[in-house]
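Novice: As given, the protein sequences belong to chains U and C, one line each in that order. The numbering of the first sequence is numbering that gives the first Met the number 0, which starts it at 0 and goes up by one. The numbering of the second sequence is numbering that gives the first Met the number 0, which starts it at 0 and goes up by one. Quick one: the structure is below, and I'll ask about it shortly.
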Amino acid sequence: MAKQEEDRILRQWTPILLRSILIAAMAVLGAGLVLSYTFAPDYYVEHFQAAQHGHLIGKETLGLLFERVRQGNPHAVLTIGLFVLTLVPLARVAFCFILFIRERDYTYVALTAYVLAGLIAGVLAGRIG
Amino acid sequence: MLEILINLMTLAVGAGFIGAISGLGGGVFIVPALVIVAHMPMKVAVGASLISVVATSAGASVAFVRDGWTNLKVAMVLECATVTGAVIGAYLAGVVPTVVLELLFAAMMLQSAYFTVTKRGDDIVAKGDRLSERLDLSGEVADLSGTTLHYEAVNVPQGGALMVVAGLMSGMLGIGSGALKVMAMDYVMHLPLKVSSATSNFMIGVTAGAGALVFLARGDIATTVAAPVAIGVTVGALAGSRALAHFKVESIRTVFVIILLLVAVEMGWRALSGI
């Protein structure tokens, strides 16, 4: 497969991938902000002031998070929106990885695999630490 | 509520715009603004800043990649170096005193500012070296006038070494270190400045994304702060990335120097005030 074809696919599909995830994240974040007003009018200001004093919600399990989303909890919805946003860089490295496998460009398969492994190791190290 | 939201978003739009054009991510403005103006603790500011870097990177890259400013292959090669540095950095954090790192970083920024002031335009080389040809790192980009600019890359190992340092700094200090990335591509690898800044923008999202995921998983992100910042920064970055082609290389360099000095002051301040 010609290098030009590989570059063309990358340049065409990377922005589409980025834009789709961004739109999804922005929609969830926007909904979360609207919810924080309808949930309780003082919710937003109270949480903002709590953050100023260093009080954060803290660790929640994924199950609890989804349960709270179902209840319409604004913090949970905003957290999901931020999770979706942080998937953008990971998703595009994964996309490149798959594309390079398909194109049999093994130098780049190795390079992107290394980046992916490093990222996963980093996240896991951070969670343990 | 509305007043806080509008203030946060206005700040974020500006940070995203400048972050996208300079390739530095915008965290430089978010951290001091949140700490000094909004009286947020450092931890909340760093969390929001990580999110803002991811958003700037994603928002700006939509147009940068499409228009060919981002060199995806250079980004992927150098990301290996950054990730290596970041993982080592994450393990080393706590071993090396942060004060030393912050002062070192401030000194590096001052030196970068000096280099940037003394440099004019782009110094593109006509032929890449063997390694960069093997990795197919050359690129072409059409400027506003329609003329196609062909550029080559050189000194990949040296650029990579600087990227390891950039990654180390990111891992240990929780910063994007986009300034070092732009420097490595612009100075060492002789890529055009706009290509360097767009490619840096693309890369900083990866390390910041990993950092942000850790913060999110730990519940260490103040969503009421980070969410409006993320929205504002994305809007700013989308606008900034479309404006890049209209800017002269020299004006970007001026913006870049101002930001480098700001980072130097910020890091010096962080080191000396013991935050």
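All C-beta atoms, glycine included, are put in the ideal place defined by N, C-alpha and C.
What residues match up with U/Thr-42 in a beta bridge as DSSP calls it?
Specialist: Before going on, a small fix: residue 42 of chain U reads as Tyr here, not Thr. Looking at the DSSP assignment, U/Tyr-42 forms no beta bridge with any residue, so it has no partner.
Novice: Looking at C-alpha atoms only, which residue of C/Glu-139, C/Ser-250, C/Ala-105 is the closest neighbour of C/Val-64?
Specialist: C/Glu-139
Novice: Closest to C/Ala-166 by CA distance: which of C/Val-43, C/Thr-146, C/Ala-209, C/Gly-127 is it?
Specialist: Checking the sequence, you will find Gly at residue 166 of chain C rather than Ala. For the residues C/Val-43, C/Thr-146, C/Ala-209, C/Gly-127, the minimum Cα distance to C/Gly-166 belongs to C/Ala-209.
Novice: I'd like to know if U/Thr-78 contacts chain C, where contact means its C-beta is closer than 7 Å to some C-beta of that chain.
Specialist: It does; some Cβ of chain C falls within 7 Å.
Novice: Taking only beta-carbon positions, decide if U/Glu-4 is within less than 7 Å of chain C.
Specialist: no
Novice: Using a Cβ-Cβ distance under 7 Å, would C/Ile-332 count as near chain U?
Specialist: A question about residue 332 of chain C goes unanswered here, because the residues of chain C that appear run from 0 up to 274.
Novice: So is U/Ile-8 in contact with chain C if we call contact Cβ pairs under 7 Å?
Specialist: The Cβ of U/Ile-8 sits no closer than 7 Å to any Cβ of chain C.
Novice: Could you tell me the distance, in whole angstroms, from the CA atom of C/Gly-13 to the CA atom of U/Gln-3?
Specialist: One C-alpha to the other measures close to 36 Å.
Novice: Tell me the DSSP secondary structure of C/Thr-55 in three-state form.
Specialist: helix
Novice: In three-state DSSP terms, what is U/Thr-111?
Specialist: helix
Novice: Report yes if the C-beta distance between C/Thr-81 and C/Met-162 is below 7 Å; otherwise report no.
Specialist: yes
Novice: Which chain U residues are close to C/Pro-96, counting only those with a beta carbon under 9 Å from its beta carbon?
Specialist: Going along chain U, no residue has its Cβ under 9 Å from C/Pro-96, so there is no contact; the nearest lies around 18 Å.
Novice: Tell me whether U/Thr-106 sits in a helix, a strand or coil according to DSSP, three-state version.
Specialist: The answer is helix: DSSP assigns U/Thr-106 an H, G or I state.
Novice: Assuming U/Ala-207 contacts C/Thr-9 under a Cβ cut-off of 8 Å, what Cβ separation, rounded to an integer in Å, is found between them?
Specialist: Here chain U comprises residues numbered 0 to 128, so residue 207 of chain U is not present and cannot be evaluated.
Novice: Looking at the structure shown, is U/Ile-127 part of a helix, part of a strand, or coil, going by DSSP?
Specialist: In this prediction, U/Ile-127 scores a pLDDT of 44, lower than 50, which makes its location untrustworthy; no coordinate-derived value is stated.
Novice: Closest by CA to C/Asn-154, which one among C/Ile-203, C/Met-168, C/Arg-133, C/Ser-144?
Specialist: Nearest of C/Ile-203, C/Met-168, C/Arg-133, C/Ser-144 to C/Asn-154, Cα basis: C/Arg-133.
Novice: Applying the 10 Å Cβ sphere with the 16-neighbour rule, what's the burial state of C/Ala-207?
Specialist: buried
Novice: Excluding sequence positions up to five away, which residues of its chain have a Cβ less than 6 Å from the Cβ of C/Gly-58?
Specialist: For C/Gly-58, the CB contacts under 6 Å within the same chain, skipping 5 residues up- and downstream, are Thr-233, Ala-236, Leu-237 in chain order.
Novice: Let me know the secondary structure DSSP gives U/Thr-60 once reduced to three states.
Specialist: coil
Novice: Check whether the segment 71-85 of chain U touches the segment 38-46 of chain U, taking contact to mean three or more Cβ pairs, one atom from each stretch, closer than 8 Å.
Specialist: yes
Novice: Are the Cβ atoms of C/Val-228 and C/Leu-23 separated by less than 7 Å?
Specialist: no
Novice: Could you tell me whether the segment 186-195 of chain C touches the segment 118-132 of chain C, using the rule of 3 or more Cβ pairs below 8 Å?
Specialist: yes
Novice: Closer than 8 Å by C-beta to U/Val-83: which residues in its own chain qualify, once you throw out the five before and the five after it? Chain order, please.
Specialist: Ile-20, Ala-23, Ala-24, Val-27
Novice: Which full runs of the beta strand (DSSP E) of 3+ residues lie inside the segment 117-205 of chain C, going along the chain?
Specialist: 138-141, 147-150
Novice: For U/Ala-109, does the count of other Cβ atoms within 10 angstroms reach 16, so buried, or fall short, so exposed?
Specialist: exposed
Novice: On the criterion of 16 or more Cβ atoms from any shown chain inside 10 Å, does C/Leu-49 qualify as buried, or is it exposed?
Specialist: buried
Novice: Kindly indicate which three-state DSSP category C/Val-94 falls into: helix, strand or coil?
Specialist: coil
Novice: How close, in whole Å, do the beta carbons of C/Gly-18 and C/Thr-55 come, if the pair is a contact with beta carbons under 8 Å?
Specialist: 4 Å
Novice: Please confirm if C/Ile-35 has its CB atom under 7 Å from at least one CB of chain U.
Specialist: no
Novice: Would C/Val-27 and C/Leu-260 qualify as a contact pair, given that the criterion is a beta-carbon distance under 7 Å?
Specialist: At least 7 Å separates the beta-carbon of C/Val-27 from that of C/Leu-260.
Novice: Verify the CB distance criterion: does U/Ala-120 have a CB-CB separation below 7 Å to chain C?
Specialist: yes
Novice: Since C/Pro-40 and U/Gly-53 should fall inside the 8 Å C-beta cutoff, what is the C-beta to C-beta distance between them, to a whole number of angstroms?
Specialist: 4 Å
Novice: Considering only the beta carbon of each residue, do C/Gly-46 and C/Asp-219 sit closer than 7 Å?
Specialist: yes
Novice: Could you have a look at C/Lys-72 and say whether DSSP puts it in helix, strand or coil?
Specialist: In the structure shown, the three-state DSSP call for C/Lys-72 is helix.
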